[in-house]
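Peer 1: One structure follows; several queries about it will come next.
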Amino acid sequence: MIHRHAVSVIRSTVAGLLIATAALHAEEAPRPTVEQLFSVQTVKVTRIDAAPSQTNYGFVKAEDSRIYDVAPRFGGYVETLFADERYMKVQKGQPLAKVYSPEVLQAKEDYLNALRYDAKRPNRAMVASARSKLKLLAVPDREIAEIEKRRQAGEYTTLLAPASGWVFEKNVNDGSAFRSGKTLFRIVDLDAVWVEAKLYQKELPALGALERFRVRAAGVDGDHEARKLLLLPDIDPEAATATLRLEVKNPDGRLKPGMYATITATPKARSRLTLPRTAVIRKNGTWYAFVVGEYEGEYEPVEIAVRPLDRRRYEILSGLAEGDEVVDNALFMMDSDAQINGLY
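Per my numbering, residue 20 is the first one in the sequence shown, and the count goes up by one each step.
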């Protein structure tokens, strides 16, 4: 409890400074007020709808479901390589390589023979079986249609991009031989990416209340909205952190795997009492604000409880009410007077 005589001492101290200053400038304008001498500014406790933010850090990562391997179901040889550079952009259905495969050529000829036989002695089961074999070998539909139309089996087969994206891996060159099942290309679609944020264990209880996530990557302008996907079910024992996976739409491709990212998360906004950070001072582990008193130049330190709301404001948990007027600057002066008068 702050005694009335102590507050009067603060007022007397400030008044003494005023009198001394006035004596030095007796021939000048009328005596200035405390606010004029020290440029004291005040602000009122306001109630706003806001939410405290939580900041974490992590990395951009390609989504597992958007990684496509081109691994032929047959062996053969590369005749012409179209996707001849790593990290080139390709579109779905774009030719990657023209290859020769004895196995595929044999399957094409079997289908052709089945069609010819069916034209003389209808046998749809034989035709369907031969066609199914081509489909199982992943021969493109247009090559099968060419056999049906021209009644001719082409020597070469074209490997097509299964999705639009970037060629992250290229494991063949012109003239290379390859075995069945070997990954020749890896294509990564970056239209959406994961951001994996690292959370300390003490932050996990509040995770359920976080509703909005924004991602900012170094070197990329602007924020990206993110959607919470999954809290991975393990803890890194060295860093004692959990991993929260977020999904971010990335149609312009500016977010790239491996980028360092800052993640800002907020819960649903609610009504809160707030003050600017400039209006609050911490002394010996306790937070104070200087409330405007009844008389001019009177400021009373009041113990308050606060917690950070954002970079500019504190949320007032106790000690002040909406509309209370407090000092918003010159807290060093108020602090000095309070110490001189034994108010702490």
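Heads up, the beta-carbon is just placed ideally off N, CA and C, and yes, glycines get one too.
Among the residues of its own chain, which have a CB less than 7 Å from the CB of tyrosine 130, if the five just before and after it don't count?
Peer 2: Closer than 7 Å at Cβ, skipping near neighbours: Ala149, Arg150, Leu153 and Ile166.
Peer 1: Compare the C-alpha of asparagine 190 against each of Tyr314, Leu100, Lys63 and Arg233 and name the closest.
Peer 2: Here the closest residue by C-alpha is Leu100.
Peer 1: Quick one: what's got a C-beta closer than 6 Å to glycine 95's C-beta in the same chain, skipping five residues either side?
Peer 2: Excluding positions up to five away in sequence, the list reads Val118, Tyr119 and Ser120.
Peer 1: What does a CB cutoff of less than 7 Å around serine 199 pick up in its chain, not counting 5 residues either side in sequence?
Peer 2: Only Pro91, Arg92, Phe93 and Gly94 meet the Cβ criterion.
Peer 1: Could you please give the first and the last residue of the uninterrupted alpha helix (DSSP H) stretch that includes leucine 134?
Peer 2: 121–139 is the extent of the alpha helix (DSSP H) around leucine 134.
Peer 1: Helix, strand or coil, according to DSSP, for glycine 227 in the structure here?
Peer 2: In this structure, glycine 227 counts as helix in the three-state DSSP scheme.
Peer 1: Roughly how many angstroms separate the alpha carbons of lysine 221 and serine 337, rounded to a whole number?
Peer 2: Straight-line Cα distance between these residues: approximately 24 Å.
Peer 1: Are aspartate 347 and threonine 74 close, meaning C-beta to C-beta below 8 Å?
Peer 2: Contact flag unset, no.
Peer 1: Determine the DSSP secondary structure at valine 207, reduced to helix, strand or coil.
Peer 2: Of the three classes helix, strand and coil, the one that applies to valine 207 here is strand, per DSSP.
Peer 1: Alpha carbons only, please: which of Val325, Glu122, Lys139 and Tyr87 is nearest the one belonging to arginine 291?
Peer 2: Nearest option by C-alpha distance: Val325.
Peer 1: Where does tyrosine 76 land, buried or exposed, given buried means 16+ other C-beta within 10 angstroms?
Peer 2: It counts as exposed.
Peer 1: Can you tell which of Ala116, Pro286 and Trp185 has the C-alpha that lies nearest to the C-alpha of glycine 227?
Peer 2: It is Pro286 whose Cα lies nearest to the Cα of glycine 227.
Peer 1: If you compare alpha carbons, which of Asp253, Pro320, Asp83 and Lys139 is closest to alanine 298?
Peer 2: It is Pro320 whose Cα lies nearest to the Cα of alanine 298.
Peer 1: Please state the DSSP three-state secondary structure of glutamine 113.
Peer 2: Residue state, collapsed to three classes: coil.
Peer 1: Looking at the structure shown, is valine 311 part of a helix, part of a strand, or coil, going by DSSP?
Peer 2: Valine 311 falls in the strand class under three-state DSSP.
Peer 1: For alanine 216, I'd like the list of residues in its chain whose CB is within less than 6 Å of its CB, leaving aside the five on either flank, ordered along the chain.
Peer 2: Within the same chain, alanine 216 has close Cβ partners Asn75, Gly77, Leu263 and Ile282.
Peer 1: By Cβ distance below 8 Å, which residues in the same chain neighbour asparagine 269 in space, the five residues on each side in sequence not counted?
Peer 2: Cβ neighbours of asparagine 269 beyond the five flanking positions: Leu209, Asp210, Ala211, Val212 and His243.
Peer 1: Roughly how many whole angstroms lie between the Cα atoms of asparagine 192 and valine 89?
Peer 2: Distance between the alpha carbons of asparagine 192 and valine 89: 14 Å.
Peer 1: Pick helix, strand or coil for serine 337, following the three-state DSSP scheme.
Peer 2: Three-state DSSP puts serine 337 in a strand.
Peer 1: Assuming glutamate 174 is part of the alpha helix (DSSP H), what are its boundary residues?
Peer 2: Segment: none, glutamate 174 is in no alpha helix (DSSP H) and carries neither H nor E.
Peer 1: Determine the extent of the alpha helix (DSSP H) in which valine 146 is found, giving its start and end residues.
Peer 2: That run of the alpha helix (DSSP H) goes 143–155.
Peer 1: At the level of alpha carbons, what is the spacing between glycine 304 and glutamate 322?
Peer 2: Rounded to the nearest angstrom, the two C-alpha atoms are 11 Å apart.
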